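Line by line, the protein sequences give chains D and R.
In this text, residue positions in the first sequence follow the working numbering: the first is 1240, and each later residue adds one.
In this text, residue positions in the second sequence follow the working numbering: the first is 19, and each later residue adds one.
Note sheet for the following structure.
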Amino acid sequence: MTASLLELNEVKKDYHIRRYGRVIRTSNALNKLTFNVEKGQIFGFLGPNGAGKTTTIKCITGILNCDNGTIYIDGKNIENNGFENKNKIGFLPEKVGLYGSLTAQETLKFYGGFYSLSDSIIEERGGELLDLLGLSHSLVKTVREYSLGMRKRLALATALLHEPEILILDEPTSGLDPRGVKALRTLLLDLNKKGLTIIFSSHILSEVQELCTDVGIINNGKMIRQGSISSIMKTVEKTAIKLSLRVNDFNEKNEKILNKNKYISILENKDLGKHRKIILKLKEDLIPWVTKKLVENGTKIFSIEPHNTTLEDVFLTETESENEA
Amino acid sequence: MKLKDKAIKQWKSNHTWQPLLIAVSVILIIAISHKVYWETTTETDPLSIWNKRLITEQNNETRIYYNNENLVDKTITFKGVLEIFPYTNESIGSPEESNGKFDEIDGLVYSEESYNKCMINLNGIRILVNGSLDGKFYENEIVTVEATLIERDFSYEKNSVDMALKSQIWEAEIDDIKLADEKDYYFFGIETIVFALGLYFSLKRISNLKEQIKFAKHIALFEFKRGLKTPRMIVLGLIFFVFIVGIGMLLGQLQNDSDSILGTMTTKGSIIQLSYFTFMIGSMVAIGVSVDTFHKERQENTMDLLLARPINRETIVLGKALGLTMVVGIPAFIAQLIGLYFMVTRGEMPPIGSMFAFLFFGQVMIFTMVTFQLCLAISARSGSSVVIYGLSAWLLFALVWALIVIAISTVIGVDINGEEFENDPDYQTFASRIGLLNPGVIYQMVVGLFTNRTIAVDLEGVPGWLALLSVVLWPIMCLRMATWLFKREMEG
Chain D
1240 MTASLLELNE
1250 VKKDYHIRRY
1260 GRVIRTSNAL
1270 NKLTFNVEKG
1280 QIFGFLGPNG
1290 AGKTTTIKCI
1300 TGILNCDNGT
1310 IYIDGKNIEN
1320 NGFENKNKIG
1330 FLPEKVGLYG
1340 SLTAQETLKF
1350 YGGFYSLSDS
1360 IIEERGGELL
1370 DLLGLSHSLV
1380 KTVREYSLGM
1390 RKRLALATAL
1400 LHEPEILILD
1410 EPTSGLDPRG
1420 VKALRTLLLD
1430 LNKKGLTIIF
1440 SSHILSEVQE
1450 LCTDVGIINN
1460 GKMIRQGSIS
1470 SIMKTVEKTA
1480 IKLSLRVNDF
1490 NEKNEKILNK
1500 NKYISILENK
1510 DLGKHRKIIL
1520 KLKEDLIPWV
1530 TKKLVENGTK
1540 IFSIEPHNTT
1550 LEDVFLTETE
1560 SENEA
Chain R
19 MKLKDKAIKQ
29 WKSNHTWQPL
39 LIAVSVILII
49 AISHKVYWET
59 TTETDPLSIW
69 NKRLITEQNN
79 ETRIYYNNEN
89 LVDKTITFKG
99 VLEIFPYTNE
109 SIGSPEESNG
119 KFDEIDGLVY
129 SEESYNKCMI
139 NLNGIRILVN
149 GSLDGKFYEN
159 EIVTVEATLI
169 ERDFSYEKNS
179 VDMALKSQIW
189 EAEIDDIKLA
199 DEKDYYFFGI
209 ETIVFALGLY
219 FSLKRISNLK
229 EQIKFAKHIA
239 LFEFKRGLKT
249 PRMIVLGLIF
259 FVFIVGIGML
269 LGQLQNDSDS
279 ILGTMTTKGS
289 IIQLSYFTFM
299 IGSMVAIGVS
309 VDTFHKERQE
319 NTMDLLLARP
329 INRETIVLGK
339 ALGLTMVVGI
349 PAFIAQLIGL
359 YFMVTRGEMP
369 PIGSMFAFLF
379 FGQVMIFTMV
389 TFQLCLAISA
399 RSGSSVVIYG
409 LSAWLLFALV
419 WALIVIAIST
429 VIGVDINGEE
439 FENDPDYQTF
449 ASRIGLLNPG
459 VIYQMVVGLF
469 TNRTIAVDLE
479 GVPGWLALLS
489 VVLWPIMCLR
499 MATWLFKREM
509 EG
């Protein structure tokens, strides 16, 4: 038993490439992946392409079975409680595939048929969701006539129809216009306020930063960092912060001095005309040393300010260091 | 050790189906016991005894006797396929012509007494039956005959010389002949019960079985409604309808038209022919409708949304197979009924059992072809591959099967150069046995089987029970294979 709503323990998954039924190649997608999501969180799932995000999501939703390890939803192993657990999950895949010949209501009726929902409830709840997602004016159209954004919204409606406890979204904003993205963000926040736990993967880091309470960064099938956004940033900042300086008379000698110190790296050195902008990556306790050395060597410092760490910085730092390792 | 571990792992991974696997193993043991029972209680190779029969002629005496064994007055229970030669005026000629004639094979001299008896050929051995079998037994039925070897004396004339004949003849009374089905049904009954128990306990292990059945029905109805609306189904359905109704009318007509260039048809032959044409066009429609089911879904990414629902993979395959079967099967059933109606009204009515088999096993055949195509559709890597696989399967089963059988017959040494090689028992036996690999041939066999009163019938080398077992096993195997492939493909 576990207190987390979702818990993955050392999950391993390999893909097999087959020719004439024989496995000719195996590639590892998830390598002892471990993380957990608490009830009520909006959990952002980050990682570079091919890191294993979609595979993880497919394992959680039961589309794939993991080779090793365990996945618990609300303390119950999905291997033995697939039916119960799948009833708790709503899922929106990245590539939404719906049957083109159906209307929105027919689509909801088809997917709603896999839950203990009566036709009247599907109709009533489906109507509300279509209204909420801005599809109520397209009821007579078949899905084939829908735009990508409309299809995504309809697929989201099918994911929410049975009132799941966890909503899992794989790249939900891809293909949506800015208005659609904003509407989705508002909707997700509203749903989260009502108690829905949301897990979503996205490449748009600003969006994750804005929406999520917690994030997990995955690379090469392993979880390399997990926690609340603020705690992750603090950890990263402890290791290295960025400093933005506006200076004059910053010459080669100064550059050499800074480069000699292995804990300092110059990320940007740009002439702005009146001043020069230098962005340094360094340990926090080295700030006095840097200012002292620059002044001693004739550099005039006009301003020093910390360069705010973004989720993108965290993401890049973490995935780069993992790759280097 | 590694192999043992693998086997244990495989066994554990089949947790749900363990009772059924055990049941199948038990059935296998019962089937072996079944065979052993016949082998130990009857002589299942009458020809081996017949081959010991010798004929000698010495000093105006002909002797027919069995070498090496003192079989005289001994009773043996033979088991085999029945071939009847009724001793009537028509078959052996008028009394004036046939009386006093010696027949070496039958081992007797004809007399008026012979007209009240009949000679049977049981897998090669001749047995004289004291009485007429007319209306009691029919050709190709598998029977047991309790026969006794009797030594009889006859006299006949050869080249104007009086000859004595001392002949050992296998003789039996009508009551000594029994259909083998009584014991067969007993064994099959036990096998059916074991299978039902295995299935019951396996199904009990499926969690949320009730829901899964509901979901299978939900998917089946969805596929049915969707499939009926597709233009290709409308076209294929119309072709099917016109074809089967037309063939039904033609076959009915041919039963009464002795001058037709297409030849005449018997009532039994007509319904078997109608089954063939139903298979030919039905399998095409079944393949055509299900040709790209899973492949298209994978391409259009509709499968992920389905797999994320609380539904088993087995349920998805079953639901789709049932739905597609309904798409083809319901219009096919109507076309079959109308085709049958025209055949019966223009010709004669075939046995009720064969009409039932024609309709019922027609649906089973469509389900088999749908699931077979699902296996191909799941395995195929591209859309064109799916179409080519489907087309090849249809060509193989419906059109070129006979050519392949002839080709293989040549390779394994069956003489196909004779004018009527198709009536050669060796060829027929081979063709029938290899036909068990073709759902279309099995369908025809089963319809043929149901024109008889019993399953203890020999279908040109294949016993009726084997045809019946095959018609049940084919769809089950195809469904299992489709499920296994689907699970494997979905796992990546």
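Quick reminder that beta carbons are idealized off the backbone N, C-alpha and C, glycines included.
Model, not experiment: these values are computed from the prediction.
Residues of the stretch 320-348 of chain R whose Cβ lies closer than 9 Å to any Cβ of chain D, in chain order: THR320, MET321, ASP322, LEU323, LEU324, LEU325, ALA326, ARG327, PRO328, ILE329, ASN330. Under the three-state reduction of DSSP, LYS22 of chain R is assigned to helix. At a cut-off of 8 Å between beta-carbon atoms, PHE1439 of chain D makes no contact with chain R. The beta carbon of ALA1394 of chain D sits closer than 8 Å to some beta carbon of chain R. In the structure shown, PHE219 of chain R adopts helical secondary structure according to DSSP, grouped into three states. For GLY306 of chain R, same chain residues with a beta-carbon under 7 Å away, outside a window of 5 residues either side, are ARG250, LEU254 in chain order. The beta carbons of GLN391 of chain R and SER308 of chain R sit about 5 Å from each other, so the pair counts as a contact at 8 Å. Counting the other Cβ atoms within 10 Å of the Cβ of HIS1376 of chain D gives fewer than 16, which makes it exposed. In chain order, GLN230 place their CB closer than 6 Å to the CB of ASN330 of chain R, counting only its own chain and leaving out the 5 sequence neighbours on each side. Look at the stretch 206-238 of chain R: the residues with a C-beta under 9 Å from a C-beta of chain D are SER225, ASN226, GLU229, GLN230, LYS232, PHE233, HIS236, ILE237. Here GLU131 of chain R is exposed, its C-beta having fewer than 16 other C-beta atoms within 10 Å. Rounded to whole angstroms, the gap between the alpha carbons of ALA326 of chain R and ASN1326 of chain D is 9 Å. For a Cβ distance threshold of 9 Å, residue set TYR1338, SER1340, LEU1341 of chain D lies close to ARG244 of chain R, ordered along the chain. Within the stretch 1356-1436 of chain D, the complete beta strand (DSSP E) segments at least 3 residues long are 1405-1409, listed from N- to C-terminus. In the DSSP assignment, TRP188 of chain R falls outside any alpha helix (DSSP H) and within the unbroken beta strand (DSSP E) covering 179-191. A Cβ of chain D is located within less than 8 Å of the beta carbon of GLU509 of chain R. Its Cα nearest to that of GLY380 of chain R, the residue R:VAL489 stands out among R:ASP180, R:GLN28, R:VAL489. Chain D places no beta carbon closer than 8 Å to that of PHE390 of chain R, leaving this residue out of the contacts. Around the beta carbon of TYR461 of chain R, 16 or more other beta carbons lie within 10 angstroms, which makes this residue buried. Annotation for MET137 of chain R: the continuous beta strand (DSSP E) segment containing it runs 136-140. Rounded to whole angstroms, the Cβ separation of TYR1350 of chain D and LEU1400 of chain D is 7 Å, and the two are in contact under 8 Å. The Cβ atoms of SER293 of chain R and VAL423 of chain R lie no closer than 8 Å to each other. Under the three-state reduction of DSSP output, GLY1321 of chain D falls in the helix class.
About 7 Å separates the beta carbon of PHE1284 of chain D from that of PHE1439 of chain D, a gap short enough to meet the 8 Å contact definition. Nearest to THR320 of chain R by C-alpha distance, out of D:ASN1490, D:LEU1427, D:GLY1365, D:ARG1390, is D:ARG1390. According to the DSSP assignment, MET383 of chain R belongs to the alpha helix (DSSP H) that extends over 370-397. Those residues of the stretch 1275-1288 of chain D placed with their C-beta closer than 8 Å to a C-beta in chain R do not exist.
Looking at R:MET298, R:ILE265, R:ILE299, the one whose alpha-carbon comes closest to that of MET283 of chain R is R:ILE265.
Judged by DSSP in its simplified three-state form, PHE1541 of chain D adopts strand. Closest by C-alpha distance to GLU1544 of chain D, out of D:ASP1409, D:CYS1305, D:LEU1511, D:LYS1481, is D:LYS1481. Going by beta carbons, THR166 of chain R and GLU189 of chain R fall inside the 8 Å limit. The C-alpha of THR95 of chain R lies about 38 Å from the C-alpha of PRO37 of chain R. Excluding five sequence positions before and after LEU1395 of chain D, the CB atoms of its chain that fall closer than 7 Å to its own CB belong to LEU1331, LEU1372, given in chain order. Per the coordinates, the alpha-carbon of THR333 of chain R lies some 19 Å from the alpha-carbon of ILE384 of chain R. Boundaries for ILE434 of chain R: no beta strand (DSSP E) harbours it, and the DSSP string shows neither H nor E there. Only those residues of the stretch 1349-1360 of chain D whose C-beta falls short of 9 Å from the nearest C-beta of chain R are listed: PHE1349, TYR1350, GLY1352, PHE1353, TYR1354, SER1355.
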